[in-house]
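Take any residue in the sequence shown, note its place counting from 1, add 61, and you have its number in my numbering.
Each residue gets a CB set at the ideal place from its N, CA and C atoms; glycine is no exception.
Below you'll find the structure, written out as structure tokens, and then a few comments.
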Amino acid sequence: MVYRVGVVGCGAVAKAHAKSLAKLDNVTVVGFADIRPERSAEFAAEYGGNAYASLNELLEKEELDVLHICTPHALHVPMALKAAEKGINVFTEKPAAVNEEQMDALLEAAKKVKVGVCFQNHYNDNSRYVEQELKSGRAGKILGARAFVTWKRLAPYYTESGWRGTRELECGGVLINQAIHTLDLLRSFIGDPKAVEAKTSNHHLKSVIEVEDTVEAYIQFEDCAASFYATTAYCQDAPIMLELICENKSYRIEGADLYIKEKDAPRFTAINFAEKEAFGKGYWGTGHLACIRNYYASLSGEEEYLVTLPEVDKTMRLMFAIYRSAEENRPIELC
Ligand SMILES: NC(=O)c1ccc[n+]([C@@H]2O[C@H](COP(=O)([O-])OP(=O)(O)OC[C@H]3O[C@@H](n4cnc5c(N)ncnc54)[C@H](O)[C@@H]3O)[C@@H](O)[C@H]2O)c1
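Set out below in structure tokens:
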């Protein structure tokens with residue numbers, strides 16, 4: 062079967078989707094939609110298909126099997142629900158949802174259609190390696206963990222977009238936008254969080270954004286605790302760092318690299334992975350193609366989609382709890 066695909070939102074990340082889709086044999090992109098029609102026209106001219114000025118027009122004029130959602134955060138779930146109502150499968154950019162109600166609605170929609178969320182960092186070689194090590198039991202119990210996301214975001218990144226930095230459309234700052242991938246990896250490596258205590262602040266973009274530029278969270282899991290820190294106030298887009306200290310071995314992910322240390326070894330040593338082509342900014346990683354390919358293989362029943370919705374749901378609930386903890390200035394328990 063060849064899947065008929067539409068893409069809504071023709072901005073920065075949509076390019077990574079369009080380029081990935083162009084590499085797949087079982088996909089034809091039939092339409093692009095954007096409220097800025099010059100953008101959908103540009104995408105249609107470059108990648109094929111027709112250009113539309115709204116999602117409604119795309120859904121009316123094209124018979125889609127899959128809708129890719131690459132719009133501002135608050136629109137993901139309403140757009141996914143519109144597609145699901147028509148029986149159209151959904152592949153949505155992160156975040157899966159911006160609040161608990163939206164997440165519940167998305168889980169409901171996923172009973173009717175296949176919903177894939179773009180957490181492409183699970184497809185990085187270093188993430189796969191760590192996942193397999195943990196699964197094998199070689200590492201032993203995780204004793205503690207920490208993660209840092211320290212990137213550079215200056216005022217124009219927010220002021221020129223029309224949606225970033227706003228409560229209404231971005232629905233949060235560094236956590237929901239930049240650091241969510243690393244939070245998701247951390248949580249998926251360790252398991253189900255039990256409680257979180259967090260603070261958010263806006264240090265360097267006070268008069269520019271309505272949301273946080275910094276978050277610090279202390280997350281308690283069954284057998285260990287993790288500290289998580291993210292800020293957009295750094296001088297460059299530093300590679301993310303995620304470290305797991307385990308009984309027998311320890312792992313440190315830095316961007317695309319991985320360092321490992323046996324329990325009694327004096328220092329971490331690097332594992333070498335082959336270079337891969339990136340379809341977007343370097344710090345997005347190289348996972349979009351693998352993630353999108355896996356989603357289509359799961360539609361045709363050849364593979365399971367690696368990033369299951371119940372797992373995504375756990376990360377989203379943890380993220381909502383971090384925001385709640387910061388807002389209410391108290392620890393929040395997760396069941
Ligand atoms: N997975 C990743 O690594 C990654 C990387 C970057 C962005 N993203 C996510 O992708 C999404 C888009 O981010 P971006 O950086 O491409 O933003 P962007 O601003 O570059 O693009 C968004 C596009 O959506 C369009 N749009 C807005 N409202 C619309 C509507 N109602 N109907 C149709 N089109 C509409 C805008 O005109 C714009 O062209 C966000 O959710 C973001 O978090 C994910």
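- Per DSSP, Lys324 is not a residue of any alpha helix (DSSP H), being assigned neither H nor E.
- For Cys179, the uninterrupted beta strand (DSSP E) run begins and ends at 176-179, by DSSP.
- Excluding its 5 nearest sequence neighbours in each direction, Glu277 has C-beta neighbours in its own chain below 7 Å: Ala259, Lys260, Tyr290, listed in chain order.
- Selection Tyr356, Asn160, Ser311 evaluated against Leu85 yields Tyr356 as nearest (Cα-Cα).
- Closest in C-alpha terms to Tyr384, from the list Glu336, His349, Arg228, comes Arg228.
- According to the DSSP assignment, Thr153 belongs to the beta strand (DSSP E) that extends over 150-154.
- The residue among Val210, Glu121, Thr330 with its C-alpha nearest the C-alpha of Leu244 is Val210.
- When distances are taken from the beta-carbon of Ile96 to the heavy atoms of ligand 1, the shortest one is below 7 Å.
- Using a Cβ-Cβ distance cut-off of 8 Å, the segment 137-148 and the segment 353-367 are not in contact, since fewer than three pairs of beta carbons, one from each stretch, lie closer than that value.
- A direct Cα-to-Cα measurement between Glu323 and Phe180 gives close to 29 Å.
- At least one heavy atom of ligand 1 sits closer than 7 Å to the Cβ of Gln181.
- In the three-state scheme derived from DSSP, where H, G and I count as helix and E and B as strand, Ala171 is classed as coil.
- In the structure shown, Leu395 adopts coil according to DSSP, grouped into three states.
- Across the set Phe152, Phe250, Asp126, the C-alpha of Phe152 shows the shortest separation from the C-alpha of Tyr366.
- Look at Glu154: its beta carbon is less than 7 Å from one of the heavy atoms in ligand 1.
- In the assembly as shown, Gly348 is a buried residue. Its beta-carbon has 16 or more other beta-carbons within 10 Å.
- Counting only runs of 4+ residues, the alpha helix (DSSP H) found wholly inside the segment 62-92 occupies 73-83, in chain order.
- Counting only residues of its own chain and dropping the five nearest sequence neighbours on each side, Ser288 has a CB closer than 7 Å to the CB of Arg207, Tyr279.
- In this structure, ligand 1 has a non-hydrogen atom nearer than 7 Å to the beta-carbon of Thr132.
- Residue environment for Ala216: exposed (fewer than 16 other C-beta atoms within 10 angstroms of its C-beta).
- In terms of CA proximity to Leu136, Arg225 leads the group Val91, Arg225, Val88.
- Just measuring C-alpha positions, the residue of His183, Phe104, Ile321 sitting nearest Ala351 is His183.
- In summary, Gly92 is buried, with 16 or more beta-carbon neighbours lying within 10 Å of its beta-carbon over all protein chains present.
- For Lys143, the enclosing alpha helix (DSSP H) starts and ends at 137-146.
- Thr347 is bridged by DSSP to nothing; it lacks a bridge partner.
- Here the segment 153-168 lies against the segment 118-138, with 3 or more beta-carbon pairs under 8 Å apart.
- Apart from the 5 residues on each side of it in sequence, Gly201 sits with its Cβ closer than 6 Å to the Cβ of Cys307, Glu308, Asn309 in its chain, given in chain order.
- Shown here for Pro392: same chain residues with a beta carbon closer than 8 Å to its own, the five before and five after excluded, namely Ala256, Val257, Glu258, Ser386 in chain order.
- Fully enclosed beta strand (DSSP E) runs of no fewer than 3 residues occupy 203-211 of the segment 197-245, in order along the chain.
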